[in-house]
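Chains A and B, in that order, are what the protein sequence lines are. The first sequence: position 82 = 84 (my numbering), numbered continuously. The second sequence: position 285 = 314 (my numbering), numbered continuously. The structure appears below as structure tokens.
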Amino acid sequence: MSLALADTDRPALPRGVRVVEDRVRGGQVLLAPEKAIALDAIGSAILARVDGQRSFAEIVAGLAATYDAPAERIAEDVQRFLAGLRARMFVQVAP
Amino acid sequence: MTAPPPIAMLAELTHRCPLACPYCSNPVELLGREAELDSATWISAFEQAADLGVLQLHLSGGEPAARRDLVELTAAAHEAGLYTNLITSGIGLTPDRLDALEAAGLDHVQVSMQGTDPGLADRIGGYKGGFERKIAVMREIARRGLPLTLNAVMHRQNLDDLDATIELAVDLGARRLEVACVQFHGWATRNRAALLPTRAQTEAAKRIVAEAEARLRGVMAFDFVPPDYYADYPKACMGGWGSAGLNITPDGTVLPCHAAASIPHLTFDNIRDTSLRAIWYDSAAFNAYRGTGWMQEPCRSCDRREVDFGGCRCQALAIAGDAAAADPVCAKSPHRHLVEARLAEVEAAAADADTPLVYRKME
């Protein structure tokens with residue numbers, strides 16, 4: 003199966019995967035089974051919108067509006083980021 | 030040099046275990062129940078770890094479920110803000126115990142797998158009836174939606190079973206499968222001739238994992254640990270000594286890695302006497318192989334010195350006789366011929382199917 007998200011797909015963090023504040027190093031970190039991934043500002047902004055409710059298209063539109071950036075460019079970044087997490091089973095997708 | 034804060038801590042709550050796996054990587058001399066840390070000391074260690082920057086806590090053993098206070102310890106670790114991972118054989122995890130662990134905030138379970146049928150699995154685990162009990166526990170974990178990783182420890186006697194292992198993991202609802210070829214530390218060293226896979230098996234395993242990974246994309250994630258004896262370069266053991274992880278043994282000894290106590294000239298501090306922070310940043314043992322300053326040639330001038338950090342110190346000691354030498358699996362190591370000699374023994378032993386297994390037993 004392809005890991006790419008369709009516009010209508012609604013990504014979510016499954017049980018056992020969560021974003022927390024890293025109180026020692028600062029910033030946010032994605033905690034998953036046997037893995038900790040430090041998030042940069044872009045990763046944090048994307049995951050803040052990954053709630054199982056918003057669709058891929060809505061996430062992209064929201065980020066494009068907030069950061070005043072071209073939607074095509076944002077869509078590429080979000081797609082790459084979420085597909086990578088999906089390959090590790092850190093993101094699940096509902097149609 | 031200034032070390033970064035640690036990310037992960039392995040808490041070996043006990044050496045007690047119902048299984049008798051010949052590949053056990055715990056030391057040859059095990060610690061008994063009377064030597065184990067009490068609950069309060071473990072809880073203090075978890076709180077210190079979180080304050081130090083540890084994010085992931087692996088509750089392991091032995092069999093951690095052999096500790097009566099496992100739920101209490103899990104709750105305290107969760108309370109301290111740690112991501113809690115239970116590394117278990119599955120034996121001893123009743124539904125009631127799983128209820129309590131879930132309520133305590135357990136995040137993830139990793140269950141070890143010795144084989145895909147009762148005959149093979151119970152022969153390797155040395156525990157009759159173990160397979161059926163494990164399968165029941167894994168189904169129960171998956172039914173609850175608790176994230177499950179299957180850790181299939183692979184070696185010469187079960188590597189041909191890899192296809193069936195992958196199918197079983199999918200059937201059980203595992204989110205992730207770790208295909209971990211046995212590493213030779215502690216007890217496992219005694220069984221190297223019986224357990225080290227052949228080169229043909231290793232090549233087949235790489236193909237099978239790559240094919241399954243592509244086919245099961247989005248269904249199950251894979252981690253593959255190939256047998257490093259067949260590699261050209263060593264593994265980046267622990268992501269570098271004293272740089273990312275630490276390990277506490279059942280009696281409170283704090284180690285830079287699981288097998289580090291095998292290095293006899295190092296002295297390791299105990300969490301009963303010294304703070305985790307002092308041990309991590311200031312102890313001689315944690316500073317012994319940090320960074321690159323300790324390296325000899327060929328590591329010192331190697332362009333991979335900050336990629337694999339010279340490999341595994343324990344393996345360098347065990348095979349080359351010097352913990353500061355390059356990991357002898359490295360193609361550049363002057364001791365590589367010692368690894369080749371062991372591989373030659375494997376090809377000879379593989380022709381003789383009756384190489385006996387030496388089971389792990391607690392005295």
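Each residue gets a CB set at the ideal place from its N, CA and C atoms; glycine is no exception. All values reported here derive from a predicted model rather than from experimental measurement.
Closest in C-alpha terms to residue 37/B, from the list 46/B, 151/B, 235/B and 309/B, comes 309/B.
Ranking 132/B, 121/B and 221/B by CA distance to the CA of residue 167/B puts 121/B first. Taking a Cβ-Cβ threshold of 7 Å, the residues of chain A close to residue 112/B are 33, in chain order.
Taking 8 Å as the cut-off between beta carbons, the residues of the stretch 61–86 of chain B near chain A are 80, 81, 82, 84 and 85, in sequence order. Unbroken beta strand (DSSP E) stretches of 3 residues or longer found wholly inside the stretch 169–209 of chain B: 177–183, given in chain order.
The way I'd put it, the stretch 362–382 of chain B doesn't touch the stretch 310–319 of chain B; fewer than three beta-carbon pairs between them come closer than 8 Å. Annotated as proximal: residue 40/B and residue 88/B, with beta-carbon spacing under 7 Å. In the three-state scheme derived from DSSP, where H, G and I count as helix and E and B as strand, residue 344/B is classed as helix. In the structure shown, the three-state DSSP call for residue 113/B is strand. Residues of the stretch 237–264 of chain B with a Cβ closer than 8 Å to any Cβ of chain A, in chain order: 246, 247, 248, 249 and 250. About 5 Å separates the CB atoms of residue 11/A and residue 95/A; that is less than 8 Å, so the two are in contact. Annotation: residue 49/A has no Cβ neighbours in chain B at a cutoff of 7 Å; minimum Cβ distance is about 16 Å. Distances from the alpha-carbon of residue 110/B to those of 26/A, 13/A and 5/A put 26/A closest.
Interface with chain A (7 Å Cβ-Cβ cutoff): residue 137/B is included.
For residue 205/B, the C-beta contacts it makes with chain A under 7 Å involve 35 and 91, in order along the chain. With its beta carbon less than 7 Å from one in chain B, residue 26/A belongs to the interface. Secondary structure of residue 332/B (DSSP, three-state): coil. Judged by pairs of C-beta atoms under 8 Å, the stretch 134–141 of chain B touches the stretch 164–178 of chain B, as three or more such pairs exist.
For residue 160/B, the three-state secondary structure derived from DSSP is helix. Taking the Cα positions, residue 285/B is about 25 Å away from residue 104/B. In this structure, the alpha-carbon of residue 8/A lies about 7 Å from that of residue 58/A. Within chain B, the residues 36, 84 and 85 have their CB atoms less than 7 Å from the CB of residue 38/A, given in chain order. Judged by DSSP secondary structure, residue 8/A falls outside any beta strand (DSSP E); it is assigned neither H nor E. Cβ proximity to chain B below 9 Å picks out 16, 17, 18 and 19 from the stretch 6–19 of chain A. The beta carbons of residue 279/B and residue 64/B sit about 6 Å from each other, so the pair counts as a contact at 8 Å. Fewer than three beta-carbon pairs drawn from the stretch 74–88 of chain A and the stretch 216–234 of chain B are found closer than 8 Å, and the two stretches are therefore not classed as touching. Contact annotation, residue 257/B with residue 358/B: C-beta distance approximately 5 Å; criterion of less than 8 Å satisfied. Counting the other CB atoms within 10 Å of its CB gives residue 156/B a total of 16 or more, which places it among the buried residues. Of the residues assessed, residue 74/B falls on the buried side of the cut-off, its CB having 16 or more other CB atoms within 10 angstroms.
Secondary structure at residue 49/B: coil, using DSSP grouped into helix, strand and coil.
Rounded to the nearest whole angstrom, the CA to CA distance from residue 345/B to residue 324/B is 12 Å. Distance between residue 161/B and residue 93/B, taken at the CA atoms: about 19 Å. Residues 87, 89 and 139 of the same chain have their beta carbon placed closer than 6 Å to that of residue 116/B, with the five preceding and five following residues left out of the count.
Shown here, residue 283/B sits in a strand according to DSSP, grouped into three states.
The stretch 199–218 of chain B makes contact with the stretch 51–59 of chain B: 3 or more CB pairs, one atom from each, lie closer than 8 Å. Taking the beta carbon of residue 88/A as reference, the chain B residues within 9 Å of it are 246 and 247, listed in sequence order.
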